[in-house]
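In the working numbering, the protein residues as written are 172 to 504.
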């Protein structure tokens with residue numbers, strides 16, 4: 172495709188490459204070498220990649236390497252020096268359902284993927300698939316397939332069969348793009364008549380079964396480490412051995428259709444409580460789980476998740492396990 176400025180002899184050529192998907196590994200291993208060769212041969216030609224949807228990580232890599240992109244959700248990044256062309260628009264941050272997927276490709280959606288993401292984020296490498304399989308209790312074929320996907324997205328790097336690097340912050344962001352904290356039917360909104368602080372004081376007085384089965388996530392879990400805003404909805408994971416309606420009744424919480432200050436979330440998997448901590452008798456999910464849930468939440472929660480990620484990057488000693496610390500025990504159900 173040739174683009175000319177009206178009334179000027181200046182022009183540029185756009186070499187269009189249409190693909191079904193643009194994983195980050197494809198950008199670095201296929202597109203970057205191609206555009207480098209292209210510039211050596213003809214500096215008037217620029218590469219334009221078109222796909223149904225391009226992830227934020229892939230878009231960033233394309234921008235860093237001067238590769239133009241366009242996806243069908245409205246994400247566009249075209250920058251040409253002569254003639255001067257700058258187009259930048261933002262479309263979908265999450266892959267639309269209509270976006271084509273490789274049917275055999277394992278994705279970051281679902282509780283099983285959540286287990287592996289938490290392990291890779293919380294425990295520094297090196298890792299082997301067999302160790303992750305044993306700790307997560309997931310099948311070894313599933314673990315191997317998901318690790319292949321993560322390698323394609325440049326979220327992990329391997330030497331042979333050993334994982335040597337994990338981009339845990341990008342991994343949590345990528346997982347959040349594939350899930351929603353408040354998926355349909357997964358929670359119940361209620362009102363704490365005496366306020367959230369009184370409710371947090373009430374929880375430690377419950378039976379051990381209740382105290383162990385309720386865990387704080389979302390804004391209140393993030394606010395242990397960062398303060399983006401005050402308050403917000405209190406989000407409580409409810410373990411599988413508890414009934415959400417019974418929890419609401421026993422805590423004196425009132426059902427409401429609007430204006431809920433407490434959300435009771437059905438726990439999708441017991442792994443959300445892995446490495447949880449008790450503070451003043453109340454269980455809080457680990458920072459990695461809190462960040463993940465905030466990033467996948469509504470309203471201001473993604474901003475809280477990003478702030479928490481920044482804190483975690485500055486202070487890994489406050490949340491990340493030590494290497495070889497023996498974190499090889501299967502999760503308790």
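Here a beta-carbon is modelled for each residue, glycine too, at the ideal position from N, C-alpha and C.
- The beta carbon of residue 222 sits closer than 6 Å to those of 190, 193, 242, all from its chain and outside the five residues before and after it, given in chain order.
- The beta-carbon separation of residue 382 and residue 460, rounded to 18 Å, does not stay under the 8 Å limit for a contact.
- Ranked by Cα distance from residue 437, the options 425, 456, 413, 426 are led by 413.
- The beta carbon of residue 348 lies closer than 6 Å to those of 265 in the same chain, with the five residues before and after it left out.
- Taking a contact as a CB-CB distance under 8 Å, the pair residue 185 and residue 174 counts as one, their CB atoms being some 6 Å apart.
- As DSSP reads the structure, residue 241 sits in a beta bridge with 221, 247.
- Pairing residue 235 with residue 203, the inter-Cα distance amounts to about 10 Å.
- Within the DSSP secondary-structure output, residue 454 pairs in a beta bridge with 449.
- Between residue 249 and residue 218, the CB-CB gap reaches or exceeds 7 Å.
- For residue 215, no alpha helix (DSSP H) segment is defined, and its DSSP state is neither H nor E.
- Counting other Cβ atoms within 10 Å of its Cβ, residue 267 stays below 16 and is therefore classed as exposed.
- For residue 320, the enclosing alpha helix (DSSP H) begins and ends at 311-323.
- Our two residues, residue 467 and residue 254, have alpha carbons roughly 40 Å apart in a direct line.
- In this structure, residue 377 sits away from residue 407, with a CB-CB distance that is not shorter than 7 Å.
- Linking residue 197 to residue 207 through their CA atoms gives a straight-line distance of about 15 Å.
- Proximity to residue 284 across 394, 385, 307, 369 peaks at 307, based on C-alpha coordinates.
- Closest option to residue 458, judged by alpha-carbon separation, among 489, 328, 440, 472: 489.
- Residue pairing by DSSP places residue 333 opposite 299, 330 in a beta bridge.
- Residue environment: residue 330 is assigned as exposed (fewer than 16 neighbouring CB atoms within 10 Å of its CB, all protein chains considered).
- With a threshold of 16 other beta carbon atoms within 10 Å, residue 333 falls short and is exposed.
- Look at the stretch 381-463 and you find these whole runs of alpha helix (DSSP H), each 4 residues long or longer: 390-393, 415-421.
- The way I'd put it, the stretch 466-481 does touch the stretch 336-345; three or more beta-carbon pairs between them come closer than 8 Å.
- Contact check for residue 260 against residue 247 passes: the beta carbons are separated by less than 7 Å.
- Burial of residue 233 is indicated by the presence of at least 16 other C-beta atoms within 10 angstroms of its C-beta.
- For residue 341, the uninterrupted alpha helix (DSSP H) run begins and ends at 339-348, by DSSP.
- For residue 468, no beta strand (DSSP E) encloses it, and the DSSP letter there is neither H nor E.
- Under DSSP, residue 259 shares a beta bridge with 248.
- The stretch 294-311 makes no contact with the stretch 364-371; the number of CB pairs closer than 8 Å stays below 3.
- Within its own chain, the residues whose Cβ lies closer than 7 Å to the Cβ of residue 425, once the five positions on either side in sequence are excluded, are 361, 362, 364, listed in chain order.
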